[in-house]
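Data first, discussion second: the structure below is written as structure tokens.
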Amino acid sequence: MQVLSWALRAPCGRLGRVRNSGSGRWRGRRAGQGVRAGDDGGGGLSATIEDVADRARVSVATVSRALRGLPNVAPSTRQRVLKAAEELAYIADPSASRLASGHSRTIGLAVPMLGQWVYSKIFSGVEAVVAASGYDVLPFSMSGPGGVRGFVEDLPFRKRVDGLLLIDAPLDPPQLERIRASGVVMVTVGLVAEHTSSLVVDNVAAARLAVGHLTGLGHQRIALIGGAEDDPFRFSVPVDRYNGYVEALTNARLEADPRLVVPGNFSLEGGAEAMHELLALDHPPTAVFCCSDEMAIGAMQVARDAGLRVPEDLSIVGFDDHDVSEYLGLTTIRQDVVGLGERGAAMLLDRVNQPACELTHERHPTRLVVRHTTGPPPAGLEYRW
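Position in the sequence shown counted from 1, then plus 185, gives you our numbering.
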């Protein structure tokens, strides 16, 4: 039985091991071809699912359910089907199985920009979960050709996926409703939509925690490096993190200074440019909250190039907990983006396999990780650049 299950799992195009039950010899076969018992590789016909059904004395539907491990098949019947399949050296054709079942065994993943670190890590989490369940991932970047409008109007996933995971999708309610009405099972991550299960990060609370850490250390001039100045996607993430920033200042009885809020475009280069702008102010900040670790790393490098010590002269907090943040000693908000992808994928597979199950709305946890880039504000520092 171990041999049969190995062959059934072999990807199309890979050499699977198939036993000739007549001779007991092993020989290589490309998974998906299948052979009849006694075929010596000289061009004999492949065993079909009907052959297995005849030998096991059950219906074709029962064979299909038994080989796929589905419920409602008696153990004795499943054993009889597996034995028949092994005797016939039957190898299931995954393409035919998908066509017959009406399922593609593929999950669509739509993100604003695949090239960004955070979305590539979410993709890793999604891929790990769906692969373990026998699914493939079809990614779609809404910053690609056609953009958001093309994604909604063409609904490229409609005929090719069993479910769609929308990550931080910059879609308005009518656009989300159009996707849902197309019949695609959908789960949203980063936003809440009607009639859809969702997984969200409380970015307001997380930003409030980060900036509250800085006010608790005694900082009063705290800058924010955020998203793009003219955001074509209308992301809610930078808006929510800005709101958390303002709330934390208000809680500390401080006013937000618009001159201390600069765009960083969620990139290393953007963070560096923003830091240059902040250091050019007559009264620069003593602390900076960056809405991503990538921006924080760019900002930190510029500050050090300017002769500032971090955190003695300038404190910096990031968001995400990038792979390199621990090695740089960056204080940040950890949101476990791989785990975000894993949980979102699991929620979607639940919906795909049980369409009638109740909708769920979950909150993904975040926490402050204090390292070595934050400290009290400098006493009597004079800015000379």
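The beta-carbon is built from N, C-alpha and C at its ideal position, and this holds for glycine as well.
Annotated as distal: Glu497 and Gly455, with beta-carbon spacing of 8 Å or more.
In this chain, the alpha helix (DSSP H) harbouring Ser249 covers Val245 to Leu252. Assigned with DSSP and collapsed to three states, Ser328 falls in coil, not helix or strand. A Cβ-Cβ separation of about 28 Å leaves Leu399 out of contact with Val374 under the 8 Å criterion. Leu515 sits close to Asp478, with the two beta carbons spaced by under 8 Å. Looking at the backbone, the Cα of Ile352 and that of Val487 are separated by about 31 Å. Sequence-distant Cβ neighbours of Arg393 in its own chain, meaning closer than 7 Å and more than five residues away, are Gly429, Glu432 and Ala433.
Around the CB of Glu511, fewer than 16 other CB atoms lie within 10 Å, so the residue is classed as exposed.
Phe420: not part of any beta strand (DSSP E); DSSP gives it neither H nor E.
In the three-state reduction of the DSSP assignment, Arg290 falls in the coil class, being assigned neither a helical nor a strand state. Contact between Leu534 and Val315 holds: their C-beta atoms lie close to 7 Å from each other, under 8 Å.
Taking C-alpha positions only, Val258 is separated from Arg240 by approximately 17 Å. The beta strand (DSSP E) runs lying completely inside the segment 419 to 461 and spanning 3 residues or more are 446 to 448, given in chain order. In terms of Cβ geometry, Gly483 and Ala457 form a close pair [threshold 8 Å]. Apart from the 5 residues on each side of it in sequence, Pro562 sits with its Cβ closer than 6 Å to the Cβ of Gly403, His404 and Thr471 in its chain, given in chain order. In the structure shown, Ser231 falls within a coil segment according to DSSP collapsed to helix, strand and coil. As the crow flies, the alpha-carbon of Ala564 is around 13 Å from that of Arg494.
Contact between Arg536 and Ser382 holds: their C-beta atoms lie close to 6 Å from each other, under 8 Å. Ser500 is classed as buried because its beta carbon has at least 16 other beta carbons within 10 Å across all chains shown.
In the DSSP annotation of this structure, Val554 is not part of any alpha helix (DSSP H); the continuous beta strand (DSSP E) holding it starts and ends at Arg552 to Val554.
With contacts defined as CB atoms closer than 8 Å, Glu527 and Ala313 qualify as a contacting pair. Comparing alpha carbon positions, the residue from Thr262, Pro260, Arg263 and Tyr275 closest to Asp236 is Tyr275. In this structure, Leu445 sits away from Ala413, with a CB-CB distance that is not shorter than 8 Å. Here Gly293 has Leu323, Phe342, Val346 and Leu349 as same chain residues with Cβ atoms under 6 Å from its own Cβ, once five neighbours each way along the sequence are excluded.
Secondary structure of Arg548 (DSSP, three-state): strand.
Each of Leu544, Ala530, Asp506 and Ala541 was checked against the Cα of Val555, and the nearest Cα belongs to Asp506. In terms of CA proximity to Phe325, Ala354 leads the group Ala317, Ala354 and Val422.
Secondary structure note for Asp490: its alpha helix (DSSP H) is the uninterrupted segment Asp478 to Asp490.
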